[in-house]
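Chemist: Pasting a structure here, questions to come.
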Amino acid sequence: MSQDLTSLPAWKALAAHAATLKPKHLRELFAEDPKRGTTFTVEAAGLFLDYSKNRITAETLDLLVKLAQETGVAERAEAMFKGEKINITEGRAVLHTALRAPKDAVINVDGENVVPEVHAVLDKMSGFAEKIRSGSWLGHTGKRIKNVVNIGIGGSDLGPVMAYEALKFYSQRNLVFRFVSNVDGTDFAEAVIDLDPEETLFLIASKTFTTLETMTNAHSARDWFLKSGAGEAAIAKHFVAISTNAKEVAKFGIDTENMFGFWDWVGGRYSMDSAIGLSTMIAIGPENFREMLAGFHDMDVHFRTTPIEKNLPALLGLLSVWYTEFFDAQTVAILPYDQYLKRFPAYLQQLTMESNGKHVTLDGKHVDYQTGPIYWGEPGTNGQHSFYQLIHQGTRLIPCDFIGFIKTLNPLGNHHDLLMANVFAQTEALAFGKTAEEVKAEGVAEALVPHKVFEGNRPSNTILAEKLTPRLLGSLIALYEHAVFTQGVVWNIDSFDQWGVELGKVLASRIIKEIAEPVELKHDSSTNNLLEKYKATK
Ligand code: F6P
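Here you go:
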């Protein structure tokens, strides 16, 4: 984008339009356009999005579409799908979409088609997963593998743990899955406390194979395993690596035969459908894993080929740009009404905030607008009894994404109707609220009326799907991936690097040495004092 975002015609028109729309209540918008509940909807890849309860009109949509056109969302998406190096600060292609491309697709990176390699790794993963699932892969003492422990962090943990929880219904129940990420020894200690090393398989998942937390946990796993009396040769039966770094894998002592590779064009937070998903595949089986990939691909095709005004991820992304820029919204709440999606908000935190938490444009200029909002959430209905109070009656505008399923995987009395009634009720209450007149008409004492008023006019999206299946999960994740992409293009930032995590890492490695050795501390007075206190009493 050659022109600054805030001087684009669509931006200026949106700013003026927002000023006229802000005083309007959703009650008025629904009264003026009674059909908006059916017209402001879009369906793709098994997902139905109702975005009618947003503070928008047809004009808002037109202008947001224009903004996407003026910032080149479709062109940039095409560049991504074709394998161009759109991660400019790292000089890399961004090709998570190749991980779910069909076998006959051709996607070239530096003149080489990457699709055959992707499928070769998938086939290797399938063979291995089947061996674990069938019990034909035996531990070094001849016992069957019963426990699978994934050690990774960030994208090498959040995707696997989220997908395992999300698809637990489809998982093989005689296998136990644990996920270790935190460098806090408690995480590892508790994960293995009741496991028999002879029946345990460790998946060391790290793109770089140098991440401090993961390597520390991997070494502790190795020590724990060897302490059980196993010799070094037994490691091959109990440790596999998932990485792009064969050299470091070999250095750690894992046979590269037992390594599942991926590529630098897969970002960590976009990697759960690469070999990083090996734990998912072992849990749900190769067929279900491929179904999940098909779901991702369904959404990829929709995103790539559908005009912006009907494009589900593009609309979702543009709506959050609308609130972030013109309504001072600082956060987006992700509210899945499905217990299996309990880790979905945590997964989205990395996807959204590591991607779009940037303060400079692609050409290094400080932005003069807001970028990525804070994503957070909890499964409903738990959130209703915790933080929804603030969403309904607080002073901040918090756009919400409600996610629900028409059919439950675990029918139990009328639980599901109760659950879904809450989805519909919450979005209705947020949008329309309850006026002082309505409260008074209920005979509420005058002094209490203001406390019981719900102003409403709180925006939400409702994402509905028939049933939580592996395919559906793939579509849902790809929906957010491309929504994040759309935002990043509009904001003209690099959504695929993460330099912001580096400084803390560098300082920590310096401090680790200072803790271990008696050296003069040369930090600020606060850090020096804290360190001295820690060293003196540890
Ligand atoms: O937090 C920074 C980060 O690089 C993430 O982007 C990544 O998902 C995580 O660390 C783990 O990295 P790796 O897979 O290389 O261990």
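In the numbering used here, the protein residues as written are 637 to 1174.
C-beta: ideal position from N, C-alpha, C; glycine also.
Predicted, not measured: the structure shown is a model, and the values here were computed from it.
Less than 8 Å between the beta carbons of Tyr976 and Leu811, yes or no?
Modeler: Going by C-beta atoms, Tyr976 is not nearer than 8 Å to Leu811.
Chemist: In the region 1132-1174, which residue ranges form an unbroken alpha helix (DSSP H) of at least 4 residues, counting only runs that do not cross its ends?
Modeler: Correct list: 1138-1152 and 1161-1173.
Chemist: Please list, in chain order, all residues of the same chain as Val1059 whose beta carbon is under 8 Å from its beta carbon, the five residues on each side excluded.
Modeler: Contacts found: Tyr973, Gly1016, Phe1038, Gly1040 and Thr1098.
Chemist: Can you tell me which residues form a DSSP beta bridge with Ile787?
Modeler: BP columns for Ile787 point to Val816 and Ile840.
Chemist: Can you determine whether any heavy atom of the ligand F6P sits closer than 7 Å to the C-beta of Ile724, and answer yes or no?
Modeler: No, Cβ of Ile724 sits at least 7 Å from all heavy atoms of the ligand F6P.
Chemist: Going by other Cβ atoms of all chains shown within 10 Å of its Cβ, with 16 needed for buried, is Val1155 buried or exposed?
Modeler: It is exposed - the Cβ of Val1155 has fewer than 16 other Cβ atoms within 10 Å.
Chemist: Exposed or buried, Thr642, counting other C-beta atoms within 10 Å across all chains shown (16 or more means buried)?
Modeler: Flag for Thr642 reads exposed.
Chemist: With DSSP collapsed to three states, give me the class of Arg780.
Modeler: Of the three classes helix, strand and coil, the one that applies to Arg780 here is strand, per DSSP.
Chemist: Start and end of the alpha helix (DSSP H) containing Asn1058?
Modeler: Here the alpha helix (DSSP H) through Asn1058 covers His1051 to Phe1068.
Chemist: Secondary structure at His1028, three-state DSSP: helix, strand or coil?
Modeler: In the structure shown, His1028 sits in a helix (DSSP, three-state: H, G or I).
Chemist: Considering only DSSP beta bridges, list what Ser879 is partnered with.
Modeler: Paired residues: Gly897.
Chemist: Given this structure, state the Cα-to-Cα distance separating Phe939 from Val1120, to the nearest angstrom.
Modeler: C-alpha separation (whole angstroms): 12 Å.
Chemist: Give the secondary structure of Arg663 by DSSP, where H, G and I count as helix, E and B as strand, and everything else as coil.
Modeler: Correct three-state label for Arg663: helix.
Chemist: DSSP three-state label for Ser915, please.
Modeler: In the structure shown, Ser915 sits in a helix (DSSP, three-state: H, G or I).
Chemist: Considering only residues of the same chain and omitting the five flanking positions on each side of Asp1130, which have a CB-CB separation below 7 Å?
Modeler: Hits under 7 Å: Asn723, Ile724, Thr725, Lys994 and Leu998.
Chemist: Counting only the same chain and skipping the five closest in sequence on each side, list residues whose C-beta sits under 8 Å from that of Val996.
Modeler: The answer, listed in chain order, is His1002, Val1003 and Ile1129.
Chemist: Is Phe1023 helix, strand or coil by DSSP?
Modeler: Note: Phe1023 maps to coil in three-state DSSP.
Chemist: How close, in whole Å, do the beta carbons of Phe925 and Ser879 come, if the pair is a contact with beta carbons under 8 Å?
Modeler: So it is not a contact: roughly 19 Å between Cβ atoms.
Chemist: Less than 6 Å between C-beta atoms, sequence neighbours within five positions excluded: which residues of the same chain meet that for Arg1094?
Modeler: So the qualifying residues of the chain are Leu1066.
Chemist: Closer than 6 Å by C-beta to Arg691: which residues in its own chain qualify, once you throw out the five before and the five after it? Chain order, please.
Modeler: Once the five neighbours on either side are set aside, the close Cβ partners of Arg691 are Pro1095.
Chemist: For Gly778 and Pro833, I'd like the C-alpha separation in whole angstroms.
Modeler: Taking the straight line joining both Cα atoms gives about 12 Å.
Chemist: Confirm, please, whether the CB-CB distance from Phe838 to Ala857 is below 8 Å.
Modeler: Going by C-beta atoms, Ala857 is nearer than 8 Å to Phe838.
Chemist: So, at 8 Å on beta carbons, what are the nonlocal neighbours of His1005 in its own chain, with the 5 sequence-adjacent residues on each side left out?
Modeler: The question names His, but residue 1005 is Tyr in the sequence shown. Here the set comprises Leu641, Thr642, Glu961 and Trp1127.
Chemist: At 3 residues or longer, and completely inside the region 1069-1103: list those beta strand (DSSP E) runs for me, N to C.
Modeler: Here the runs fully enclosed are 1096-1101.
Chemist: What are the partner residues of Trp1012, as DSSP defines its beta bridges?
Modeler: Answer is Ala969, bridged to Trp1012.
Chemist: Please look up how many angstroms separate the CB atoms of Phe980 and Met798, rounded, as I've assumed it's under 8 Å.
Modeler: Yes, Phe980 and Met798 are in contact; Cβ-Cβ is about 6 Å, under 8 Å.
Chemist: By Cβ distance, which residues of its chain are closer than 7 Å to Asn956, with the 5 residues on each side in sequence left out?
Modeler: The identity of residue 956 in the sequence shown is Ser, whereas the question assumes Asn. Closer than 7 Å at the Cβ level, and outside the excluded window around Ser956, lie Val968, Pro1009, Pro1035 and Gln1123.
Chemist: What does a CB cutoff of less than 6 Å around Ile840 pick up in its chain, not counting 5 residues either side in sequence?
Modeler: Excluding positions up to five away in sequence, the list reads Ile787, Ala854 and Ala877.
Chemist: Return yes when the Cβ of Trp647 is within less than 8 Å of the Cβ of Leu703, no when it is not.
Modeler: Going by C-beta atoms, Leu703 is nearer than 8 Å to Trp647.
Chemist: Rounded to the nearest angstrom, how far is the Cβ of Leu971 from that of Gly1013, given a contact under 8 Å?
Modeler: Correct: roughly 5 Å between the Cβ atoms.
Chemist: Using only the alpha-carbon positions, how far apart do Ala802 and Glu826 sit?
Modeler: Going from the Cα of Ala802 to the Cα of Glu826 covers about 22 Å.
Chemist: Would you kindly report the start and end of the unbroken alpha helix (DSSP H) that includes Leu948?
Modeler: Leu948 -> alpha helix (DSSP H) spans Leu948 to Phe962.
Chemist: Would you tell me roughly how many angstroms separate the C-alpha atoms of Val754 and Gly1092, rounded to the nearest one?
Modeler: In a straight line, the C-alpha of Val754 is about 49 Å away from that of Gly1092.
Chemist: In this structure, does DSSP put Gly1124 in helix, strand or coil?
Modeler: Helix at Gly1124.
Chemist: Let me know if His1051 comes out buried or exposed under the rule of 16 or more other beta-carbons within 10 Å of its beta-carbon.
Modeler: Exposed, since its Cβ has fewer than 16 Cβ neighbours within 10 Å.
Chemist: Should the region 654-664 be regarded as contacting the region 677-692, the criterion being three or more beta carbon pairs within less than 8 Å?
Modeler: As far as the Cβ criterion goes, the region 654-664 touches the region 677-692, which means the pair count is three or higher.
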